[in-house]
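Residue numbers for the sequence shown follow UniProt numbering, beginning at 1 and rising by one.
Working notes for the structure below.
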Amino acid sequence: MAYFEHEGCNLHYEEYGHGTPLVLVHGLGSSTRDWEKQIAALSARYRLIVMDVRGHGRSDKPRERYSIKGFSTDLSALIDHLDLGPVHLVGWSMGGMICFQLAVDEPERVRSLCIVNSAPEVKVRTPDDCWQWFKRWSLMRLLSLETIGKALGAKLFPKPEQTELRLEMARRWAKNDKRAYLASFDAIVGWGVQERLSQVACPTLVICADHDYTPVALKEAYVKRLPNAHLVVIADSRHATPLDQPERFNQTLLDFLTATDSTTQDL
């Protein structure tokens with residue numbers, strides 16, 4: 001467990017293993033703990049770094065407006081702090097947005113990119129978009145984090161054999177700082193870099209659950225905008241693919257990283 005300071009905020013990260021640096025970035029309301037099923041498999045072959053995004057986990061939770069751009073500058077500062085050079089970068093959900101932001105702003109920092117159940121923009125365009133956003137915004141302010149965690153657990157892990165995942169989701173969600181959680185949600189809405197995807201030249205893997213919040217077709221559409229990307233759909237999975245299908249997720253990611261490293265060595 002370690003910390004570094006960026007713009008007055010102490011940010012928590014953890015390191016495992018040795019080799020080419022691989023950085024994992026979690027999603028909204030999550031933390032380094034939600035990568036628990038990846039650490040052993042990935043750190044056996046890479047220098048693995050997992051971080052708590054500002055406002056999450058063991059990182060500070062400053063009382064200020066958050067932004068995806070700000071989160072990505074924290075990530076860039078971590079890369080500098082550890083003197084990593086170009087990294088393999090993996091982002092899940094909101095973490096995918098943070099990684100997209102860094103990839104378009106500072107492409108020289110990104111050796112490869114893996115986006116997990118995410119998108120390059122969250123725009124409110126139609127009346128239905130507005131209604132869905134307002135409904136979620138209102139419920140998040142009215143309900144306790146424990147209640148939200150229980151509802152999310154039931155949605156993400158509906159199978160009888162996933163009871164422990166449901167319970168753990170509720171326990172972890174209840175530990176969030178509500179003000180920081182809401183500020184992070186507000187940072188997502190209206191954000192986007194989709195018009196800049198042609199700038200992401202590095203090898204890119206998009207991992208998509210077949211039962212994610214948004215349809216596979218959405219991922220297929222933005223993958224076409226990326227110069228060097230391909231899509232893998234994980235069957236029988238929901239938004240929390242690294243937790244509900246860890247073996248398939250880990251192998252898919254490792255296959256991609258191995259192919260990317262092999263290609264880089266050949267150049």
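Cβ coordinates follow ideal geometry from the N, Cα and C atoms, glycine included.
The model shown is predicted, which means the values in this text are computed figures rather than measured ones.
Identified DSSP bridge partners for residue i
i, result
"VAL90", "LEU24, CYS114"
"LEU11", "PHE4"
"TYR16", "LEU48"
"CYS208", "VAL233"
Nearest-angstrom Cα separation, counted from residue j out to residue i
i, j, result
"residue 329", "LEU139", "Outside the modelled stretch of the chain, which goes from 1 to 267, sits residue 329, for which no answer is possible."
"LEU82", "ALA103", "18 Å"
"ARG196", "VAL223", "13 Å"
"CYS99", "VAL90", "7 Å"
"GLY190", "PRO227", "24 Å"
"SER262", "PRO203", "12 Å"
"GLY8", "GLY96", "24 Å"
"residue 281", "MET169", "Only positions 1 to 267 of the chain appear in this structure, which leaves residue 281 out of reach."
"LEU231", "THR73", "27 Å"
"ALA41", "THR126", "42 Å"
"THR260", "THR252", "12 Å"
"LEU22", "GLU146", "32 Å"
"ASP165", "ASN250", "A small correction: the amino acid at residue 165 is Leu; Asp does not occupy that position in the sequence shown. Approximately 18 Å between the Cα atoms of the pair."
"LEU267", "GLY29", "Interpretation of LEU267 is limited by its pLDDT of 45, a score under 50 that renders its predicted location unreliable; no figure is taken from the coordinates."
"ASP129", "VAL216", "18 Å"
"ASP60", "LYS175", "14 Å"
"ASP212", "ALA240", "8 Å"
First through last residue of the alpha helix (DSSP H) which encompasses residue i
i, result
"MET1", "Where MET1 is concerned, there is no enclosing alpha helix (DSSP H), given that its DSSP letter is neither H nor E."
"VAL193", "Careful: VAL193 lies outside any alpha helix (DSSP H) and carries neither H nor E."
"HIS81", "68-81"
"LEU143", "First-last for LEU143: undefined, no H or E at that position."
"THR126", "Element bounds for THR126: n/a, residue is neither H nor E."
"LEU231", "That residue, LEU231, is in no alpha helix (DSSP H); its beta strand (DSSP E) goes 229-234."
"ARG166", "163-174"
"GLU220", "216-223"
"PHE157", "It is not in any alpha helix (DSSP H) - PHE157 carries neither H nor E in the DSSP assignment."
"THR241", "241-244"
Whole-Å CB distance - residue i paired with residue j, under 8 Å assumed
i, j, result
"CYS114", "ILE207", "7 Å"
"LEU75", "VAL25", "7 Å"
"ASP34", "PHE157", "With a Cβ gap of about 13 Å, ASP34 and PHE157 do not count as contacting."
Heavy atom of the ligand ATP within 7 Å of residue i beta-carbon
i, result
"MET94", "No copy of the ligand ATP appears in this structure; indeed no ligand is present at all."
Boundaries of the beta strand (DSSP E) in which residue i is found, first to last residue
i, result
"ALA201", "No beta strand (DSSP E) holds ALA201; DSSP gives it neither H nor E."
"ARG47", "47-51"
Checklist entry - Any contact of the segment 178-187 with the segment 55-70, i.e. 3+ C-beta pairs under 8 Å? => result Yes, the segment 178-187 is in contact with the segment 55-70.
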